[in-house]
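Here the structure comes first, spelled out in structure tokens, and everything after it is commentary.
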Amino acid sequence: MIRFHDTLSGEKKPLSLKVEGEAGVYVCGPTVYDYAHLGHARCYVVYDVLIRHLRESGLNVKYVRNITDIDDKILKRSAENGEEPTALAERFTAAFQEDMRILGCADPDVEPKVSEHLEGIFEMVQTLIDKGHAYESDGDVYFSVESCKDYGKLSHRDLEQMLSGASGRLDENQTSRKKNAADFALWKKGKEGVEGWDSPWGRGRPGWHIECSVMSTAHLGPTLDLHGGGLDLVFPHHENEIAQAECATGQPFCDHWVHNGFVQVDGEKMAKSVGNFFTARELFHRVLPEAIRFFMMTVHYRSPLNLDWTLDDEGNVTGFPQIEEAEKRVEYLYQTRRRLNAVPEKRIIDSGIAPRELTGLEKGISEAFDDDLNMPIAVARVSEFLKAVNEACDAAMKKKGKLPKASYEAALAGFATIETRLGLGTADPETTLNTVRDRRAAARGLTPADVEAQIEARANARAEKNFEQADEIRKALSEKGIELHDGPEGTTWSAV
RNA sequence: GGCGCCGUGGCCAAGUGGUAAGGCAGAGGUUUGCAAAACCUCCAUUCACCGGUUCGAAUCCGGUCGGCGCCUCCA
């Protein structure tokens, strides 16, 4: 039984689907005015793993992840850049999609855009006006929070408390147009010379929250099975989404609300507004994107994920220790896979049975994910699995060693599980390992050819039994972070 | 001020009533011409602190201290 923490009820509860075997999932996508940073990366990796789990559990999932391509921030950025808003939005949409694919996230089934749902927005706003949940005021349309009897149910707060807390920050100019200070815009009147859209209430642009109510219900019907997003969207975005949708359709909007925690820097939230962020793509050339993905899975999705980095004397970023640790684990994964591939066929024998560590991975991960998508547990199970594979390979590669076919097949199945359920280990082991190795060597000012030349020199020395010279070469390379591995097939190398 | 979350070994991090997963680092070992990798063994009588409930608590309740988030754009 799949259970996730639900923000609305405040507890971990079983997923309850509207239609048996079918899951309609909506995840709030980005506003495309800049590149995705690590906070976004975490969010969409989390939901990617969640979607994979639903699918692997036999559900037919419709995954909808929107693109908010109409927004004040886009207009502002476009004015700054002198770039057409549409062009800017398209550029960052493409960048976002590319980044998410690089992080191993499967594309959503539907990726709706606000710009393609304006008619739906007009309809829902009109419905809300007709039902008395919204009112027009000087070209703006506001949602009346007082007309929604359970407004505040998601974020567990009541109107009075909210207003007293926000009293110092309300914009008087805007407040005067509203019946209640907590009312929020469904449609905003456009300013002169600013990009806008014609609506029944005049030229302007949609409010921030209405697009998600419209796009989600347009593609998944009035009631969603699960809605996800970052913790910072609980209020006001999701609270308002519920209010709009439920008042418009008269039906429960969503059964299950999932929210992921933040990526933090020095204990503080990573955010564009704070300026303490790294974009995903600026890390891609420093570490394997897969390492970023792995890193995201080392912490429970609801907990904060703190990011550290190191600086040199000039204040340049020199590294990301935790992500580099994650990269070592990804290397271990590929290295283990390569070892398994290297076991000669004739050493694989029909007799013998596979140990539980090899056969139980699928079940272990599945159970971990059933319990509120516990990714750290899944990662722990993977560690145990890889250790067992190495153990089996050790045994197989000894003199007269053998590998039971049952173990071999269980290991192959395990790697397949890691690929499909975690989205890790999907690339070619050799290529990936060499990419990391060469990148690290380059950081030390060494090309693969440089190292190969040293290896050859050492091979010659060894052939002459001149171990002293051979060891000197090894030592010199080792000081530059290059480790040599002597094997039956010759000498290979790696970089740390 | 209101609402909510968190505090587990040197570091990261699971664990919501039954006696502390996993990873990194560290120590010893197997292996190796020497190494590396891999594997094995060891590494928290204890879960911020104080009280309470219980046969039994890291886990439940109350309090103290410390950190964070939301209440305003934000994944």
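Plus 211 on top of the position in the first sequence (first one is 1) and you've got this note's numbering.
All C-beta atoms, glycine included, are put in the ideal place defined by N, C-alpha and C.
query	result
Which residues DSSP lists as bridging Cys-465, in chain order	Leu-435
Helix, strand or coil at Ala-654 according to DSSP, with G and I counted as helix	helix
Residues bridged to Ser-358 (per DSSP)	According to DSSP, which records beta bridges pairwise, Ser-358 is partnered with nothing at all.
Identity of the residues DSSP links to Pro-225 by a beta bridge	Arg-214
Completely contained alpha helix (DSSP H) runs for the segment 661 to 691, where each covers 4 or more residues	678 to 690
Distance, Leu-339 Cα to Ala-300 Cα	29 Å
Distance between Lys-686 and Pro-640 (C-alpha atoms, nearest Å)	27 Å
Glu-457 versus Pro-463: straight-line alpha-carbon distance, rounded	6 Å
Unbroken beta strand (DSSP E) run spanning Thr-702, endpoints	701 to 706
Asn-277 CB to nearest heavy atom of the ligand GDP below 7 Å	For the ligand GDP, the structure offers nothing, since it holds no ligand at all.
Cutoff 8 Å; reference Lys-284; Cβ partners in own chain excluding five residues on either side	Thr-242 and Tyr-244
Any 3 or more C-beta pairs closer than 8 Å across the segment 472 to 479 and the segment 274 to 294	no
Continuous beta strand (DSSP E) assignments of at least 3 residues falling wholly in the segment 262 to 328	271 to 276
Cβ separation of Phe-446 and Ser-577, assumed to be a contact under 8 Å, to the nearest whole Å	Contact flag wrong, Cβ pair sits at about 33 Å.
CB-CB length for Arg-549 against Gly-315, believed under 8 Å	Incorrect: roughly 20 Å between the Cβ atoms, too far for contact.
Every unbroken alpha helix (DSSP H) within the segment 553 to 614, with a cutoff of 4 residues, ordered by chain	567 to 570, 572 to 581 and 586 to 608
Buried or exposed (CB count within 10 angstroms, at least 16 for buried), Arg-567	exposed
CB of Val-425 within 8 Å of CB of Ile-278, strictly	no
Ala-718 classed as buried or exposed, judged by whether at least 16 other C-beta atoms fall within 10 angstroms	Summary: the structure shown does not reach residue 718, with the chain confined to residues 212 through 707, and so no result is reported for it.
Backbone CA spacing between Gly-698 and Thr-628 [nearest angstrom]	30 Å
Cα-Cα separation, Phe-506 to Ile-560	37 Å
Straight-line Cα distance separating Thr-637 from Tyr-545	9 Å
Cut-off 6 Å between Cβ atoms - residues of its own chain near Ala-565, not counting five sequence neighbours on either side	Ala-617, Ser-618 and Ala-621
Contact set for Asp-394: own chain, Cβ-Cβ below 7 Å, skip 5 residues either direction	Tyr-353, Phe-354, Ser-355 and Val-356
Alpha carbon of Lys-676 to alpha carbon of Glu-573, nearest angstrom	49 Å
Buried versus exposed, by CB contacts within 10 Å (16 or more), Thr-658	exposed
Through-space distance from Val-336 to Glu-450, alpha-carbon basis	17 Å
8 Å contact criterion, which Leu-435 and Gly-418 should meet: CB distance rounded	About 20 Å separates the two Cβ atoms, so there is no contact after all.
Where Arg-497 sits in the DSSP three-state scheme	coil
Boundaries (first-last residue) of the beta strand (DSSP E) holding Ala-396	395 to 400
DSSP state of Gly-486 mapped onto helix, strand, coil	coil
As assigned by DSSP and simplified to three states, the class of Tyr-346	strand
Per DSSP, the bridge partner or partners of Lys-539	Lys-539 is not bridged to any residue.
Assigned secondary structure, Ser-378 (DSSP; H/G/I helix, E/B strand, else coil)	Low confidence applies to Ser-378: its pLDDT is 48, below 50, so where it sits in the model is not reliable, and the reading given next is rough at best. Helix at Ser-378.
Contacts around Trp-196, its chain only, beta-carbon distance under 7 Å, and the 5 residues preceding and following it disregarded	Since the displayed the chain opens at 212 and closes at 707, residue 196 lies outside it and no answer follows.
Beta bridge counterpart(s) of Glu-694 as assigned by DSSP	Ser-705
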